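Student:
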Amino acid sequence: MGLNVTERLKIRSLSVERLRRRAVTFTLSSPLMRWRYAGNGADQILIVPQELRAADPSFWTEIAHGHFGLASEIADLKGASAFRVTPPSIAWERELHGFGWLRHLAATEEEEAASAARELVLEWIALKRISHGIAYEPEVIARRLISWISQANMLLEDLDARSYTQIMSSVGQQIVALRTTWRNAPDGVPRMVCLIALVLTGLAVSGHDRQLKEAEAALVVELKRQILDDGGHVSRSTSVLSDLVLDLLPLGQCFSSRALVSPEEINTAVKKSLRFLRFTRLGDGMLARFNGVSTGSPAALATALGYSGGELDFMPVAHQSGYARLERGRTIVFADVGSPPPLELSTLAQAGALSFEMTSRQHLIFANGGFPGPADRNWDSVARATASHNTLCLGETSSSRLIRHEQLESMVDGLPIREPDSVVFEFTDGPDQTLLNASHDGYLKRFGLIHVRRLALSGAGEKLEGIDILEPPKGTLRLKQDLPYAIHFHLHPDCACLSAGHGVCRITLRDGESWLFSAADDTAQMSIEESLFFVDSAGPRPSLQIVLRGTTFGETHVRWSVRAERPNDRQI
7 MGLNVTERLK IRSLSVERLR RRAVTFTLSS PLMRWRYAGN GADQILIVPQ ELRAADPSFW
67 TEIAHGHFGL ASEIADLKGA SAFRVTPPSI AWERELHGFG WLRHLAATEE EEAASAAREL
127 VLEWIALKRI SHGIAYEPEV IARRLISWIS QANMLLEDLD ARSYTQIMSS VGQQIVALRT
187 TWRNAPDGVP RMVCLIALVL TGLAVSGHDR QLKEAEAALV VELKRQILDD GGHVSRSTSV
247 LSDLVLDLLP LGQCFSSRAL VSPEEINTAV KKSLRFLRFT RLGDGMLARF NGVSTGSPAA
307 LATALGYSGG ELDFMPVAHQ SGYARLERGR TIVFADVGSP PPLELSTLAQ AGALSFEMTS
367 RQHLIFANGG FPGPADRNWD SVARATASHN TLCLGETSSS RLIRHEQLES MVDGLPIREP
427 DSVVFEFTDG PDQTLLNASH DGYLKRFGLI HVRRLALSGA GEKLEGIDIL EPPKGTLRLK
487 QDLPYAIHFH LHPDCACLSA GHGVCRITLR DGESWLFSAA DDTAQMSIEE SLFFVDSAGP
547 RPSLQIVLRG TTFGETHVRW SVRAERPNDR QI
């Protein structure tokens, strides 16, 4: 796909910034400059931060039986070391070298597991004397340092002098490596994690507080840039926030332990992020599946929200992030009403403009396909398409378009997307119903049409009415030939769906509750079709979808509704 002028300028800007960061890294890595970051060695860990992520003691049992499960993949060690087997995926290898799994061994409270942890760390040190490859990507170094410091009690207690020196020397060397290379980390969360690790090492490792202020200042800059005013992340992905919160919270504790004042920006970012997580959490307890939200960790989300103290204000709309929440009674409807994030942060963004998800109590009814887990990334393009979302797809194309450009893909480490350029919405929370009126121009350049969607959730939450409109931005338009459209309503795999008469189908939830979906007229033909739900730890799950199909000549209105079934509705 050809690039427009704005995108060419963006590539030029990214190229210049990339060269600048590499030049700074090269300079700081030179023998003449590395002394500045070497500190006074790393003799001891002064503070052991609290590990807030949930641990799974059964991980030790798996290792004992020769299996190493990371990133939704399992490596059969066959008697070999985890560091000597062929990694089943890059994601698995990154998690291996990040050592986040140490917390699982610590959770067993068994000396045999602790001994194995120490042996694995010492083995890694012996094998990774040459600092290159995935193990030395800046974010991986950062994750490893955070993990080693957080599990220092297990790794260093009662350790012989030689092994103690080996681990602490490696910690010191890795701190220096991270201080000189963090600028090369990809924009977004990877760069943030690097700075969090640098602040942590400045607080927790002896002899390395000389650059604390510098790391602190850089982290504050990134927090202000990446965490929006409404608490969302600049990438529009909610899934990154719970992990960031669990990384940021221990920093406050470490500042207190050192009798230092934590930057207010850290506390502010945590509070805003927690509020946004609450905003995007649906009745099933999980985050709404938009823009890169994958299987995630329910435990991590619950842990992060547990630190809110239950004092989170209700937020119906996130203007900067581009999301709206309609909540009445036991029903929640969550909608995407935003444009894609900046190109350099859009490699996980999805073409789901005006799509929505809906829960009744703890049950998902309508659910987007979501983003595949790390072991199922061959589904990425399918999952990112508009057809995998609960919205209208025109001309069998997506409202956003993947940008295939070798240089740009290399810079941002993935396929970015463009369009819609403009997504606008109005939100009204009245006494009898909650209304959302939104539109996007993702199809304007190709077909001359905009997509308008109006949603109305009744006061008790028992009925959702929708109108999908295709129309020109002004005046009238008669297309040279009719265009096909399809309005998708993907059901969660636990839902059953059967036809209940002309233009009506019955959706039955796992607990037996039923909802009736109906199309108001014959503008579009209703069908029940196969679908895929990507957000499952076991891989893509088959599901069903209700699809309204038709053609438009330039202006089309399609009305539909879904309502909780009453006893007398069984006569339908």
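Residue 575 in this note's numbering sits at position 569 of the sequence shown; the count goes up by one each step and never skips. Where is the CB? At the ideal position from N, CA and C, for every residue including glycine. Small disclaimer: the values here were computed from a predicted structure and weren't measured.
1) Taking the alpha helix (DSSP H) that N469 falls in, what are its first and last residues?
2) Could you pull out every residue in the same chain whose Cβ sits closer than 8 Å to the Cβ of D49, ignoring the five residues on either side in sequence?
3) For a quick check, are the C-beta atoms of I202 and L283 less than 8 Å apart?
4) Report, in whole angstroms, the separation of the C-beta atoms of L76 and W107, which I expect to be a contact under 8 Å.
5) Exposed or buried, which one is F559 when buried takes at least 16 other CB atoms within 10 Å?
6) What number of angstroms, rounded off, separates the C-alpha of H446 from the C-alpha of T397?
7) Roughly how many whole angstroms lie between the Cα atoms of R565 and D474?
8) Could you give the distance in angstroms between the alpha-carbon of Q56 and the alpha-carbon of D253?
9) For chain B, is any of its Cβ atoms less than 8 Å away from the one on S445?
10) With H, G and I counted as helix, E and B as strand and the rest as coil, what does DSSP make of C511?
11) Return the chain-ordered list of same chain residues with a C-beta closer than 7 Å to the C-beta of L225, the five sequence neighbours on each side being excluded.
12) Using alpha carbons as the reference points, say which of V429, S137 and I513 lies closest to P347.
13) Alpha carbon to alpha carbon, what distance is there between L489 and V541?
14) Suppose the cutoff is 7 Å on Cβ atoms and the five residues either side in sequence are ignored; what does the same chain contact list for S300 look like?
15) Please classify Q180: is it buried, with 16 or more other beta-carbons within 10 angstroms of its beta-carbon, or exposed?
16) Helix, strand or coil for V240? Go by DSSP, reduced to three states.
17) Near P478, which residues of its chain fall below 8 Å by C-beta distance, leaving aside the five closest residues on each side in sequence?
18) Would you kindly check if the distance between the Cβ of F340 and the Cβ of L288 is under 8 Å?
19) Is the beta carbon of M198 closer than 8 Å to that of E163?
20) Suppose contacts are defined by Cβ-Cβ distances below 8 Å. Is L421 in contact with I409 by that definition?
21) With a 10 Å radius around its C-beta and 16 neighbouring C-beta atoms as the bar for buried, classify S248 as buried or exposed.
22) Helix, strand or coil: how does DSSP classify S387 here?
23) Looking at C-alpha atoms only, which residue of G298, L250, P322 and S262 is the closest neighbour of F5?
24) Kindly indicate the opening and closing residues of the alpha helix (DSSP H) around S314.
25) Rounded C-beta distance between F431 and A310? I'm assuming under 8 Å.
26) Span of the beta strand (DSSP E) holding V568?
27) According to DSSP, simplified to helix, strand and coil, what is I578?
28) Determine which residues share a DSSP beta bridge with H457 and list them.
29) May I ask you to list the residues that DSSP assigns as paired with Q551?
30) Should the segment 93-105 be regarded as contacting the segment 65-82, the criterion being three or more beta carbon pairs within less than 8 Å?
31) L372 lies in the beta strand (DSSP E); which residues open and close that run?
32) Here's the rule: buried if 16 or more other CB atoms are within 10 angstroms of the residue's CB, otherwise exposed. What is T12?
33) Could you give the residue range of the alpha helix (DSSP H) that holds S120?
34) So for E363, helix, strand or coil by DSSP?
35) Mind checking T353: buried by the 16 CB within 10 Å criterion, or exposed?
Tutor: Reading from the atomic positions:
1) Start at 1 with the first residue of the sequence shown, and residue 469 comes out as number 463. The sequence shown places Lys at residue 469, not Asn. Careful: K469 lies outside any alpha helix (DSSP H), inside the beta strand (DSSP E) at K469 to E477.
2) The residue given as residue 49 occupies position 43 in the sequence shown. Closer than 8 Å at the Cβ level, and outside the excluded window around D49, lie M174, S212 and G213.
3) As a position in the sequence shown, residue 202 is number 196, starting the count at 1. As a position in the sequence shown, residue 283 is number 277, starting the count at 1. No, the Cβ-Cβ distance between I202 and L283 is not below 8 Å.
4) Taking the first residue of the sequence shown as position 1, residue 76 is located at position 70. Taking the first residue of the sequence shown as position 1, residue 107 is located at position 101. About 7 Å; that satisfies the 8 Å criterion.
5) Numbered from its first residue, the sequence shown carries residue 559 at position 553. So F559 ends up on the exposed side.
6) To locate residue 446, count along the sequence shown from 1; it is residue 440. To locate residue 397, count along the sequence shown from 1; it is residue 391. Between H446 and T397, the C-alpha separation is close to 12 Å.
7) To locate residue 565, count along the sequence shown from 1; it is residue 559. To locate residue 474, count along the sequence shown from 1; it is residue 468. So the alpha carbons of these two residues sit roughly 7 Å apart.
8) If you number the sequence shown from 1, residue 56 lands on position 50. If you number the sequence shown from 1, residue 253 lands on position 247. If I take the Cα positions, the gap works out to 10 Å.
9) Although the question refers to chain B, the structure presented lacks it and comprises just one protein chain.
10) As a working mapping, residue 511 is identified with position 505 in the sequence shown. Three-state result, C511: strand.
11) Residue 225 sits at position 219 when you count from the first residue of the sequence shown. So the qualifying residues of the chain are L201, I202 and V205.
12) Within the sequence shown, numbered from 1, the residue matching residue 347 stands at position 341. For the residues V429, S137 and I513, the minimum Cα distance to P347 belongs to V429.
13) Start at 1 with the first residue of the sequence shown, and residue 541 comes out as number 535. Start at 1 with the first residue of the sequence shown, and residue 489 comes out as number 483. Cα to Cα, the separation comes out at about 31 Å.
14) Start at 1 with the first residue of the sequence shown, and residue 300 comes out as number 294. Answer for S300: S245, G376, F377, P378, G379 and V541, listed in chain order.
15) The sequence position of residue 180 within the sequence shown is 174, counting from 1. That one is buried.
16) The sequence position of residue 240 within the sequence shown is 234, counting from 1. Coil.
17) Position 472 of the sequence shown holds residue 478. If we look at P478 and ignore the five residues flanking it on each side, its Cβ neighbours are G454, L455, I456, G560 and E561.
18) Working through the sequence shown from its first residue, we reach residue 288 at position 282. Working through the sequence shown from its first residue, we reach residue 340 at position 334. Going by C-beta atoms, L288 is nearer than 8 Å to F340.
19) Counted from its first residue, the sequence shown places residue 163 at position 157. Counted from its first residue, the sequence shown places residue 198 at position 192. No, the Cβ-Cβ distance between E163 and M198 is not below 8 Å.
20) Counting from 1 along the sequence shown, the entry for residue 421 is found at position 415. Counting from 1 along the sequence shown, the entry for residue 409 is found at position 403. Yes.
21) In the sequence shown, residue 248 corresponds to position 242, counting from 1. S248 should be labelled buried.
22) The sequence position of residue 387 within the sequence shown is 381, counting from 1. If DSSP states are grouped into helix, strand and coil, S387 belongs with the helices.
23) The first residue shown for the chain is 7 and the last is 578, placing residue 5 beyond what the model contains.
24) For the purposes of this step, residue 314 is taken as residue 308 along the sequence shown, with counting starting at 1. Unbroken run through S314: none, as it is neither H nor E.
25) As a first step, residue 431 must be located in the sequence shown, where it is residue number 425. As a first step, residue 310 must be located in the sequence shown, where it is residue number 304. 28 Å between Cβ atoms; not a contact.
26) Within the sequence shown, residue 568 is the residue found at index 562, counting from 1. Run containing V568: T562 to A570, per the beta strand (DSSP E) assignment.
27) Counting from 1 along the sequence shown, the entry for residue 578 is found at position 572. Residue placement at I578 cannot be trusted, given a pLDDT of 48 that sits under 50; what the coordinates show is reported in the next sentence. I578 falls in the coil class under three-state DSSP.
28) As a position in the sequence shown, residue 457 is number 451, starting the count at 1. Looking at the DSSP assignment, H457 forms a beta bridge with H446 and L476.
29) Taking the sequence shown and counting its residues from 1, one reaches residue 551 at position 545. DSSP output for Q551 lists H496 and E535 as bridge partner(s).
30) yes
31) On the sequence shown, residue 372 is found 366 positions in, with the first residue counted as 1. The displayed chain sequence assigns Phe, not Leu, to residue 372. Segment H369 to F372, the beta strand (DSSP E) holding F372.
32) Here residue 12 refers to the residue found at position 6 when the sequence shown is read from its first residue. The residue in question, T12, is exposed, as its Cβ has fewer than 16 Cβ neighbours within 10 Å.
33) As a working note, residue 120 is residue 114 in the sequence shown. For clarity, residue 120 is Ala in the given sequence; the question names Ser instead. Run containing A120: E117 to L133, per the alpha helix (DSSP H) assignment.
34) Along the sequence shown, one-based indexing puts residue 363 at 357. If DSSP states are grouped into helix, strand and coil, E363 belongs with the strands.
35) In the sequence shown, the residue the question calls residue 353 occupies position 347. With 16 or more Cβ atoms within 10 Å of its Cβ, T353 is classed as buried.
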